[in-house]
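Following: one structure in structure tokens, then a few remarks.
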Ligand SMILES: Cc1cc2nc3c(=O)[nH]c(=O)nc-3n(C[C@H](O)[C@H](O)[C@H](O)COP(=O)(O)OP(=O)(O)OC[C@H]3O[C@@H](n4cnc5c(N)ncnc54)[C@H](O)[C@@H]3O)c2cc1C
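Residue numbers (the numbering used here), protein chains in the order written: chain B, 1 to 404; chain G, 405 to 508.
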């Protein structure tokens with residue numbers, strides 16, 4: 001079983017950015033990717049909003065550069081699928097189809113996958129004209145006619161891309177005439193494109209075809225009328241769903257399956273971070289996935305450092321340790337510091353003093369259930385053996401030490 | 405892996421005896437490229453199966469003729485008959501499982 005400081009699950013832009021930052025910080029880092037690195041970003045040619053890259057840079061080019069960047073700093077890669085995690089202990093276990101790994105910190109960057117419409121014919125005709133990836137499949141539709149479902153940025157950009165191949169692209173839009181969710185600049189391009197046609201106020205009801213797509217049934221939501229449109233292909237871009245099924249019961253997910261995190265990308269489990277599209281967030285793009293990755297890697301580095309220190313200075317000590325929780329912004333705890341230091345110095349032969357500044361590190365206080373400050377725990381052989389909370393008097397401290 | 409085109413498709417696939425695996429791919433399809441090393445490895449372990457690939461960019465009509473309109477797609481033929489099909493959301497393990505089942 002190989003051990004790493006940091007294991008990153010998923011090699012999309014979020015995972016790659018985390019890999020660059022972690023490896024550059026000299027943490028031993030492994031990215032486990034089940035398919036090809038680059039994630040969703042590698043499935044689009046139209047990539048023109050990643051800062052600094054706009055003159056014809058494609059998704060695969062951008063993510064390939066990120067991949068080489070991560071390799072350059074020593075990040076390792078492995079092609080495998082993560083199927084389970086054991087997150088309870090200090091060493092987290094990552095179970096893949098082919099093996100097991102351990103890591104001190106885990107960064108989840110499994111992204112999202114296209115949402116399916118769930119209409120009749122969709123599953124049966126997938127790969128037979130029904131597609132979720134324009135760059136993969138556009139070549140089949142040279143001079144043919146296609147339908148695009150969806151009206152966000154991805155849908156409209158991919159529809160524009162498809163006009164380079166198809167003779168006609170019909171976009172089915174659920175909103176009123178002229179209303180698209182896509183950004184203005186993308187809307188304008190679509191409206192100006194002669195190959196693009198719109199069907200407003202409508203949804204796809206069925207995809208028809210005998211072994212290959214032949215037509216779609218489109219329902220008008222205003223009139224209820226269903227019309228059939230002959231087509232050779234259907235491209236579906238109606239949002240995404242997070243890839244978090246394998247995480248159920250392991251950490252907190254929201255009702256849609258996304259992972260809620262703090263500003264430091266921390267999940268509900270210590271030492272486990274989530275970045276990119278898999279996270280509950282406002283904007284799911286390459287630039288935000290990369291930013292998340294950078295934050296998580298730096299937070300993980302700090303976490304590993306603090307926890308290793310804590311283990312060495314507290315948990316693995318043979319001598320008892322007085323663990324004091326204080327904060328520079330908490331008056332009583334500030335007043336207690338010199339008293340505790342004095343008593344500890346007088347008893348230096350019997351015990352060590354370790355102070356935890358809860359302003360900088362809340363995690364350890366949370367783990368020990370410390371809610372009130374100042375607080376002092378006596379730790380023997382890694383276990384809590386006594387406690388004093390509230391205002392600290394010399395006597396209460398001496399009593400605690402006597403109990404050793 | 406054997407490279408297929410409209411000149412050799414009939415002879416190498418439709419008129420061939422035994423199992424033939426055809427990988428439909430295109431240079432623009434990233435998931436297809438991700439599968440390739442795994443397929444080459446499988447080809448080494450299943451010598452009784454003929455492994456072939458078809459670039460759809462150059463052979464679009466041929467692919468559509470086999471009712472393939474999405475990538476990645478893998479079709480497996482036995483004695484020229486299509487007996488298995490994997491499309492889009494599949495992993496290399498799924499390909500091997502199919503091969504095992506069909507060679508049994
Ligand atoms: C068609 C399309 C066009 C887009 N256009 C743009 C654009 O122009 N600009 C922009 O900024 N953004 C764009 N986006 C959005 C952008 O691609 C995503 O926001 C970004 O890729 C998210 O990165 P990520 O690393 O969070 O996840 P992803 O890119 O989804 O990568 C996740 C990776 O994790 C792997 N994985 C998942 N589960 C496992 C597992 N269990 N074990 C191992 N590996 C696993 C997956 O194979 C995948 O490679 C577009 C998206 C689409 C679909």
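Note that CB positions come from ideal geometry on N, CA and C, so glycine has one too.
Beta-carbon proximity of residue i to residue j, cut-off 9 Å
{"i": "residue 315 of chain B", "j": "residue 326 of chain B", "result": "no"}
{"i": "residue 350 of chain B", "j": "residue 319 of chain B", "result": "yes"}
{"i": "residue 458 of chain G", "j": "residue 427 of chain G", "result": "yes"}
{"i": "residue 503 of chain G", "j": "residue 472 of chain G", "result": "no"}
{"i": "residue 33 of chain B", "j": "residue 78 of chain B", "result": "yes"}
{"i": "residue 168 of chain B", "j": "residue 145 of chain B", "result": "yes"}
{"i": "residue 113 of chain B", "j": "residue 207 of chain B", "result": "no"}
{"i": "residue 107 of chain B", "j": "residue 344 of chain B", "result": "no"}
{"i": "residue 5 of chain B", "j": "residue 18 of chain B", "result": "no"}
{"i": "residue 89 of chain B", "j": "residue 232 of chain B", "result": "no"}
{"i": "residue 198 of chain B", "j": "residue 228 of chain B", "result": "no"}
{"i": "residue 13 of chain B", "j": "residue 290 of chain B", "result": "yes"}
{"i": "residue 301 of chain B", "j": "residue 25 of chain B", "result": "yes"}
{"i": "residue 182 of chain B", "j": "residue 156 of chain B", "result": "yes"}
{"i": "residue 240 of chain B", "j": "residue 36 of chain B", "result": "no"}
For residue i: DSSP bridge partner residues
{"i": "residue 107 of chain B", "result": "B:8, B:273"}
{"i": "residue 114 of chain B", "result": "B:240"}
{"i": "residue 79 of chain B", "result": "B:33"}
{"i": "residue 173 of chain B", "result": "Beta-bridge pairing links residue 173 of chain B to no other residue."}
{"i": "residue 386 of chain B", "result": "B:378"}
{"i": "residue 168 of chain B", "result": "B:145"}
{"i": "residue 96 of chain B", "result": "B:82"}
Collapsed DSSP secondary structure at residue i in the structure displayed
{"i": "residue 179 of chain B", "result": "coil"}
{"i": "residue 187 of chain B", "result": "helix"}
{"i": "residue 448 of chain G", "result": "helix"}
{"i": "residue 507 of chain G", "result": "helix"}
{"i": "residue 293 of chain B", "result": "helix"}
{"i": "residue 491 of chain G", "result": "strand"}
{"i": "residue 158 of chain B", "result": "helix"}
{"i": "residue 279 of chain B", "result": "strand"}
{"i": "residue 142 of chain B", "result": "coil"}
{"i": "residue 481 of chain G", "result": "strand"}
{"i": "residue 455 of chain G", "result": "strand"}
{"i": "residue 394 of chain B", "result": "helix"}
{"i": "residue 264 of chain B", "result": "coil"}
{"i": "residue 132 of chain B", "result": "coil"}
{"i": "residue 432 of chain G", "result": "coil"}
{"i": "residue 125 of chain B", "result": "coil"}
{"i": "residue 439 of chain G", "result": "helix"}
* Asked: In chain order, which continuous runs of the alpha helix (DSSP H) of length 4 or greater are located wholly inside the stretch 297-383 of chain B?
  -> 331-346, 363-367
* **Within the stretch 230-257 of chain B, ranges of the beta strand (DSSP E) (whole runs, at least 3 residues)** => 233-236, 240-242
* Evaluate contact between the stretch 438-448 of chain G and the stretch 368-383 of chain B, counting only Cβ atoms and requiring at least three cross-stretch pairs below 8 Å. => no
* Asked: What beta strand (DSSP E) runs, 3 residues minimum, are completely inside the stretch 196-228 of chain B?
  -> 196-199, 202-208, 215-220
* the stretch 364-373 of chain B / the stretch 415-433 of chain G touching (three or more Cβ pairs under 8 Å) -> no
* To do: Mind listing, in chain order, the continuous beta strand (DSSP E) runs of no fewer than 3 residues lying wholly within the stretch 14-61 of chain B?
  => 29-33
* Asked: Counting Cβ pairs, one atom from each stretch, are 3 or more of them under 8 Å apart for the stretch 103-112 of chain B and the stretch 124-140 of chain B?
  -> no
* To do: State whether the stretch 262-280 of chain B contacts the stretch 243-254 of chain B, with contact taken as three or more CB pairs (one from each stretch) at a distance under 8 Å.
  => yes
* Can at least three beta-carbon pairs, one atom from the stretch 35-52 of chain B and one from the stretch 212-229 of chain B, be found at a separation below 8 Å? -> no
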